[in-house]
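In the working numbering, the protein residues as written are 57 to 512. Even glycine gets a Cβ: it sits at the ideal position worked out from N, Cα and C. Only one structure is covered here, and it is reproduced in the block below.
Next up, the structure:
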């Protein structure tokens with residue numbers, strides 16, 4: 057007798073629960089074995105420092121000074137192709153195409169002169185388009201609530217639109233990389249509008265990017281119903297894109313780029329894999345956690361300026377008594393930086409300027425107060441000797457919110473910004489490496505004899 061649909065669902069649920077129990081029992085590894093075999097969990101040593109797995113010239117992340125053979129914590133510095141990001145941002149102040157110049161720097165190892173920039177912009181403007189067929193058949197079909205998944209699907213489908221998708225020569229990968237860098241903002245924004253239309257019954261809005269506008273300007277143009285934005289809004293988004301463009305070869309998504317590239321796979325598969333990594337809440341989704349945390353703080357604190365009240369609630373968060381009960385104050389702490397994250401320092405200044413334009417200075421003051429209190433509180437709570445500073449995620453979500461960027465696009469904006477960095481590392485891996493990346497895992501199970509099914 058056939059089971060009806062509800063009975064099938066209940067039967068499936070019971071069976072899956074049973075399979076889950078078997079799964080958890082069969083894959084549990086004694087945590088003491090990791091210590092016994094000195095396993096570098098997370099590819100980090102016992103001090104939390106990343107294990108050296110490769111070399112790069114794309115960027116440098118600095119958090120210490122070497123003094124008499126000792127590593128002394130210092131204010132963080134970030135270099136793109138040898139140029140300090142602070143100097144890059146200051147030097148590009150007032151220039152319209154800051155992110156585009158940064159893309160050129162990451163890919164080609166130098167900042168462009170005016171002639172080179174004009175040529176590069178012509179290429180990017182030419183590539184900054186999606187066919188009506190692709191928009192209809194790919195972006196608009198099977199809309200996804202998670203835009204990162206929608207971006208992966210679109211990128212993998214672009215493989216079928218490429219006349220030479222498997223060619224991994226540097227010249228062809230450069231062509232593919234520039235194409236993806238130019239198209240990713242359109243894919244992200246159009247996927248969001250598709251989701252809002254088909255899932256939320258909003259009006260469908262599709263606006264083509266305009267040649268001559270910067271990538272930051274076009275994102276705001278395509279996203280907003282009226283297509284309007286201020287000069288400061290475009291500049292702040294441009295700065296945010298620059299600051300998220302690259303962060304060394306060891307971050308999870310960029311390391312994914314190196315690992316997948318080393319297998320010899322195509323550019324579209326490599327990019328989709330990196331986006332899958334960035335999607336994870338431990339990596340690209342951190343700024344959304346910060347935003348949700350501050351929404352919770354504002355709900356439970358009556359006076360945002362009261363240091364004692366704010367401190368008391370932060371202590372509840374640390375004690376796992378408030379917010380998501382994780383014991384984490386999101387946006388605080390970094391795997392490398394100790395005294396300061398240079399990206400956070402820069403973005404904070406622009407967040408303040410934007411808050412003043414938007415009339416949100418009280419909210420900015422709350423962020424500043426939490427930043428001021430949280431570092432020391434975390435150190436005392438966890439009995440740490442290493443300083444805890446705010447990272448770039450602390451203010452980035454606040455900035456995106458002030459720019460009217462919906463939360464569904466927070467991580468996709470990160471992906472748009474990081475695409476040039478991934479591309480530079482993919483090209484570096486292809487040009488320099490000759491071996492597939494294959495770390496070792498030690499087997500700690502037991503060997504057993506096979507038994508026929510009636511003997512088990």
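Just to confirm the assignment, what range does the beta strand (DSSP E) spanning residue i have?
i: residue 391; result: Premise fails: residue 391 is in no beta strand (DSSP E) and is neither H nor E.
i: residue 136; result: 126-136
i: residue 121; result: 115-123
Identify, in the order they occur along the chain, each residue of the same chain with its Cβ nearer than 8 Å to the Cβ of residue i, setting aside the five sequence neighbours on each side.
i: residue 97; result: 90
i: residue 200; result: 206, 209, 247 and 251
i: residue 112; result: 304, 305, 481 and 484
i: residue 172; result: 160
i: residue 107; result: 96, 99, 100 and 101
i: residue 165; result: 113 and 137
i: residue 267; result: 181 and 184
i: residue 122; result: 128
DSSP on residue i, reduced to helix/strand/coil?
i: residue 192; result: helix
i: residue 57; result: The pLDDT assigned to residue 57 is 47, lower than 50, so where the model puts this residue is not dependable; a value taken from the coordinates is nonetheless given after this. Coil.
i: residue 106; result: strand
i: residue 68; result: helix
i: residue 362; result: coil
i: residue 399; result: helix
i: residue 471; result: helix
i: residue 100; result: strand
i: residue 262; result: coil
i: residue 409; result: helix
i: residue 446; result: strand
i: residue 375; result: coil
i: residue 386; result: coil
i: residue 78; result: helix
At a cut-off of 7 Å, would you count residue i as near the ligand ATP, judging by its Cβ distance to the nearest heavy atom?
i: residue 329; result: This structure lacks the ligand ATP, and indeed carries no ligand of any kind.
Pull up the CB-CB distance for residue i and residue j, whole angstroms please, since I reckon it's below 8 Å.
i: residue 330; j: residue 309; result: 5 Å
i: residue 294; j: residue 318; result: Not a contact, Cβ separation roughly 33 Å.
i: residue 297; j: residue 239; result: With a Cβ gap of about 15 Å, residue 297 and residue 239 do not count as contacting.
i: residue 179; j: residue 234; result: 6 Å
i: residue 410; j: residue 288; result: 6 Å
i: residue 302; j: residue 476; result: 7 Å
Do residue j and residue i have their beta-carbon atoms positioned less than 8 Å apart in this structure?
i: residue 386; j: residue 442; result: no
i: residue 388; j: residue 416; result: no
i: residue 400; j: residue 451; result: yes
i: residue 433; j: residue 371; result: yes
i: residue 236; j: residue 249; result: no
i: residue 455; j: residue 403; result: yes
i: residue 420; j: residue 340; result: no
i: residue 322; j: residue 226; result: no
i: residue 468; j: residue 203; result: yes
i: residue 265; j: residue 277; result: yes
i: residue 275; j: residue 241; result: yes
i: residue 453; j: residue 375; result: no
Between which two residues does the alpha helix (DSSP H) containing residue i stretch?
i: residue 241; result: 226-256
i: residue 154; result: 154-164
i: residue 428; result: 417-438
i: residue 284; result: Element bounds for residue 284: n/a, residue is neither H nor E.
i: residue 337; result: First-last for residue 337: undefined, no H or E at that position.
i: residue 203; result: 203-217
i: residue 347; result: 342-356
i: residue 177; result: 170-183
i: residue 315; result: 308-318
i: residue 451; result: 449-458
i: residue 141; result: 141-147
i: residue 90; result: 88-92
What residues in its chain sit with their C-beta under 6 Å from that of residue i, if we drop five residues either side in the sequence?
i: residue 365; result: 357 and 359
i: residue 57; result: Because residue 57 carries a pLDDT of 47, less than 50, the predicted location of this residue cannot be relied on, and no value is offered for it.
i: residue 102; result: none
i: residue 119; result: 132, 392, 393 and 394
Taking 7 Å as the limit between beta carbons, can you name the residues of its chain near residue i, skipping five residues before and five after?
i: residue 214; result: 324
i: residue 405; result: none
i: residue 140; result: 133
i: residue 68; result: none
i: residue 486; result: 224, 226, 229 and 317
i: residue 333; result: 308, 309, 312 and 339
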